[in-house]
Structures are given as C-alpha cells and as structure tokens.
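First up is the structure itself, then whatever we jot down about it.
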C-alpha cells in the first residue's frame, strides 16, 4: 500500500514538473535559454519544453519596435548658446542573444550614446542652423546609433528630434526678429501691390489715350473722305451740267445769263467785295437798259 502511494506521488510530481516546464513563446517574442548557467539557445514563437532544474529562461525579449522618449539634454551650439533637445528613438531587437549578453543596460547605453552624439552634432552647428536642420540631425544620430548598437543586437530604425528649446532671452529675441521680418514682408507686399496698381492704372490711361487718338484719327479720316466724296460729286455734277449745256447747243447769251445767275447767288452771301468780269459787266448794262425801256413803255 505504501509503495502504491509512493508511486502515485512520484507520478504526480513528474506530471507537475512536466507541466511547469512547458513554455509557450508568444508571437513577436523570444526566450533566451541557459543550461547550467551557460547560453544554450533562443526559443522562437511556439511550444517548448525545458529540462527541470537544468534549463532556465534567462531573458524574455520582445521583438516589437520600441519607442523611448529621452528627457531633454543640454547641448551647446557652435555660437555658444546652450539649448535643450529631447529626442525620441525607435529601435527593434534583432538578436536576443546579443541583446541579453552584449551590454548590461541597453536602454541606458542608447540614452548616453544618443546624448554624446547629439552634443557632437550640435557643436558643429550654430543656433539658426540647429533650428532648421532637424532632418540632418535625425539622420546623423540614426546612423551613429545604428552602427554602435549592432554589437548589442539592436537595430535603430530612426531618431526624431522632438523639441529644441533655446533660452528664454533667445526665444524673446527670435520672436522680435520674426515679428520684424513679418512686418518687413508686409511692407514689401503692400509696396508691390501699390506698384502693380499704379502700373495697371498707367497702362489703362495709356490704352485710353491711344484709343481716343485712334478714334479722332478715324473720325478725321472719315470726315476727309466725306468731304472728298462731296467735292467729287459736286465736280461731277458741274461737269455733267456743262456737258448737258454743250450738248443742248447753248448760245453765248444763255451762258452769259447763267453767269449772271451765278453772280447773283454769290452776291447774296457775306462777301464784301465781288469782282465781275468785263464781259458780264457789259451784259449787265445791257440788261439794265432793257429793263428801263420796258418800265417807260
């Protein structure tokens, strides 16, 4: 009976040991296994069994991407301005063995390496260059950290400069400078607008003058053409009249009477002096004599 109980107890202990030494490695994780204090292997995702009292899970490592926000670090620029910069590091563990045995405290090592690298980079830049060179700073820190952390089984994906905080007096001076720059741009834009407006007005006046001149020119041309056409018509009518008289066989007396009629119309105008040819004067005397005789009769 005692032997049966002992067997049952032994079986229970064995089952308990088996159950307690079964390990399931979750997704995106890895277990570093030591056997008798020495590294043996790295367990990847899945079901695993370790030998009781011999094997040991030395470290559980997450293979996900990690994000660390380091506190602000005081750095000095090339022009001797002390500023504070805080960075954000994105890294991923690629080799759990190197991560477990490469460095004592990987996070602290990355923070210190990031601070020293940042001081070296900012020491080569002036304040204005620091404020406008975030991409340059990010890429350079990433390159340096990635090379240094390869021996620790860590891959630095990227480093971002989160904040750059100059001293208060520098910030006030920068704000005044920015305000003055905005006012200068405003004055320039206003002057350019007034200039463009004046140019447009001048061009409009110029086009108006040109159009008025062209209109006056067109009017003069049309008036001249009208006068010329009128003269041509008068000359044509005169020529037609002379031709008709000639064709009708008009005598000298008829022509003289026509001349008198023409001078009669001329005398009705505003002319103060009228010069009459001698031939017409003789005919006029004859006409007066005939008029007198008719009146006596």
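Residue numbers (this note's numbering): 196 to 492.
Every residue gets a Cβ at the ideal spot worked out from N, C-alpha and C, and that includes glycine.
Note that the structure is a prediction, hence the values are computed from the model and not measured.
When DSSP builds the beta bridges, which residues end up paired with residue i?
i: residue 268; result: 280
i: residue 285; result: 262, 353
i: residue 237; result: 227
i: residue 243; result: 218
i: residue 396; result: In the DSSP output, where bridge partners are listed per residue, residue 396 has none listed.
i: residue 358; result: 281
Using a Cβ-Cβ cutoff of less than 6 Å, which residues in the same chain neighbour residue i once the five nearest sequence positions on both sides are dropped?
i: residue 251; result: 229
i: residue 267; result: 279, 281
i: residue 343; result: 308
i: residue 243; result: 218
i: residue 210; result: none
i: residue 346; result: 297
i: residue 261; result: 286
Return the CA-CA distance between residue i and residue j, expressed in angstroms with no decimal places.
i: residue 214; j: residue 200; result: 21 Å
i: residue 241; j: residue 257; result: 14 Å
i: residue 407; j: residue 417; result: 15 Å
i: residue 394; j: residue 387; result: 10 Å
i: residue 379; j: residue 265; result: 39 Å
i: residue 352; j: residue 328; result: 19 Å
i: residue 335; j: residue 293; result: 24 Å
i: residue 303; j: residue 263; result: 11 Å
i: residue 413; j: residue 424; result: 16 Å
i: residue 314; j: residue 368; result: 24 Å
i: residue 288; j: residue 339; result: 17 Å
i: residue 429; j: residue 389; result: 59 Å
i: residue 212; j: residue 204; result: 12 Å
i: residue 284; j: residue 375; result: 37 Å
Could you spell out the range, first to last residue, of the alpha helix (DSSP H) harbouring residue i?
i: residue 211; result: 197-215
i: residue 256; result: Taken as a continuous stretch (DSSP letters only), residue 256 belongs to no alpha helix (DSSP H), being part of the beta strand (DSSP E) at 250-257.
i: residue 323; result: 322-326
i: residue 339; result: 329-344
i: residue 306; result: 301-317
i: residue 291; result: 291-296
Using C-beta distances below 7 Å, list every residue in its chain close to residue i, excluding the 5 sequence neighbours before and after it, in chain order.
i: residue 222; result: 240
i: residue 332; result: 316, 356
i: residue 225; result: 237, 238, 239, 256, 258, 291
i: residue 321; result: 272, 273, 274
i: residue 306; result: 265
Counting only beta-carbon atoms, is residue i nearer than 8 Å to chain D?
i: residue 422; result: The structure shown has no chain D; it contains just one protein chain.
Just to confirm my understanding: we take residue i, look at its own chain, exclude 5 residues before and 5 after, and list those with CB closer than 8 Å. What are they?
i: residue 269; result: 277, 278, 279
i: residue 249; result: 230, 231
i: residue 311; result: none
i: residue 235; result: 228, 229, 250
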